[in-house]
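Number of protein chains: 2
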Amino acid sequence: MTAHSHAKPDLTKNQGLVFGALTGAEGPLTAYAILDLLRDDGFRAPLQVYRALDKLVEIGLVHRLESLNAFVACSHPVDCGEHKTAAFAICEDCGKVDEFAPDAALQSLQAWSRQEKFALAKTTIELRGTCANCTTS
Amino acid sequence: MTAHSHAKPDLTKNQGLVFGALTGAEGPLTAYAILDLLRDDGFRAPLQVYRALDKLVEIGLVHRLESLNAFVACSHPVDCGEHKTAAFAICEDCGKVDEFAPDAALQSLQAWSRQEKFALAKTTIELRGTCANCTTS
DNA sequence: CCTATAACGTAACACTATAACATTTCGGAG
DNA sequence: CTCCGAAATGTTATAGTGTTACGTTATAGG
Ligand SMILES: [Zn+2]
Ligand SMILES: [Zn+2]
Ligand SMILES: [Zn+2]
Ligand SMILES: [Zn+2]
């Protein structure tokens with residue numbers, strides 16, 4: 001592993017291609033949209049995309065948007081270290097996604113989990129609505 | 001249809017069947033699981049299920065779980081009136097879902113929306129983990 | 001080199017959801 | 001009662017999303 005490369009050092013070819021497609025996109029992409037984008041790069045089957053996505057999500061470079069069945073590149077700096085649970089505000093007009101850290105909401109949900117003795121593993125928070133840009137325009 | 005069914009009065013036949021399937025189930029059901037449950041009642045195509053589900057979700061009797069692509073009957077009393085956004089704790093062990101009102105979390109997310117001028121339309125909050133019952137057993 | 005592991009390629013399949021179009025049901029206007 | 005429009009329904013086909021299965025290839029460590 002090279003010393004201080006701020007690029008993703010350990011991505012394989014397919015993972016790099018998928019991650020590139022996501023970072024190059026304005027908004028989230030479905031797995032099949034990614035597949036179409038990467039046909040010229042040799043992608044032929046959805047599994048190639050899903051396998052890369054699985055790894056990228058596991059690493060934390062990509063998030064899955066459950067309410068869209070789509071994926072988006074993490075908007076955090078590469079080396080922000082511990083990437084806590086993120087929340088997403090999805091504009092239903094322009095399709096853009098704003099990722100943010102819902103600290104207070106998370107604390108409240110963790111408190112609920114403690115009280116109910118629910119062993120929390122993963123939290124999904126997705127907001128749907130219209131972004132400021134689309135409201136004013 | 002019998003006289004004084006204490007079921008919701010304004011449901012159509014298909015809506016009633018689908019709602020009955022969901023209330024009779026231990027946990028959430030996918031649309032196709034509902035379809036299979038209702039084959040003996042004349043259901044033949046997914047659209048029959050999806051149409052009923054659309055209406056039931058619109059009415060507020062049923063919730064869609066985005067992270068499961070499944071549906072669950074609302075656990076609130078039928079006439080609880082304004083049904084605010086609900087949150088769901090999904091046990092990955094037994095599959096049961098606990099619906100609750102995440103008031104504090106919602107307030108925090110609404111505050112974020114105000115600050116970002118994001119016109120919030122719908123909020124999805126889904127917790128994954130292991131319920132108390134499955135942890136102790 | 002040898003081997004274990006991860007990544008990759010390909011085809012087939014399973015699951016989730018909607019489009020399109022015809023038909024039926026039902027309540028209100030005339 | 002009859003007519004009409006809206007809502008609900010029935011049916012077929014198709015689109016979109018995700019996984020299983022199996023075989024091959026690249027990679028790193030001993
Ligand atoms: Zn992120
Ligand atoms: Zn927008
Ligand atoms: Zn509810
Ligand atoms: Zn459980």
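From first to last, the protein sequence lines are chains Z and H. Residue 133 in full-length UniProt numbering sits at position 133 of the first sequence; the count goes up by one each step and never skips. Residue 114 in full-length UniProt numbering sits at position 114 of the second sequence; the count goes up by one each step and never skips. Note that beta-carbon positions come from the ideal geometry of N, C-alpha and C, so glycine has one too. Quick caveat, the model's predicted, so the values are computed rather than measured.
At a cut-off of 3 residues, the continuous stretches assigned as beta strand (DSSP E) that sit fully inside the stretch 57–100 of chain H are 62–65, 70–73, 87–91 and 97–100. DSSP places R114 of chain H within a helical segment (H, G or I) once states are collapsed to three. L22 of chain H: not part of any beta strand (DSSP E); member of the alpha helix (DSSP H) spanning K13 to G24, first to last residue. Within the model, the alpha-carbon separation for L106 of chain H versus A86 of chain Z is close to 15 Å. Along the stretch 114–131 of chain H, the positions whose C-beta sits under 9 Å from a C-beta of chain Z are E116, K117, F118, A119, L120, A121, K122, T123, T124, I125, E126, L127, R128, G129, T130 and C131, read in chain order.
Contact check for P102 of chain H against V72 of chain H fails: the beta carbons are separated by 7 Å or more. Taking the Cα positions, S137 of chain H is about 39 Å away from H76 of chain Z. Within the stretch 17–46 of chain H, no residue has a Cβ lying closer than 7 Å to any Cβ of chain Z.
A Cβ of chain Z is located within less than 7 Å of the beta carbon of E66 of chain H. Just so you know, the alpha carbons of G60 of chain Z and T135 of chain Z end up roughly 31 Å apart. Boundaries of the beta strand (DSSP E) harbouring T123 of chain Z: A119 to T130, taken from the DSSP string. Taking the Cβ atoms as the reference, L109 of chain H lies roughly 6 Å from L127 of chain Z, within the contact range of under 8 Å. Taking a contact as a CB-CB distance under 8 Å, the pair A132 of chain Z and K117 of chain H counts as one, their CB atoms being some 4 Å apart.
Here L35 of chain H is near F43 of chain H, since their CB atoms are less than 7 Å apart.
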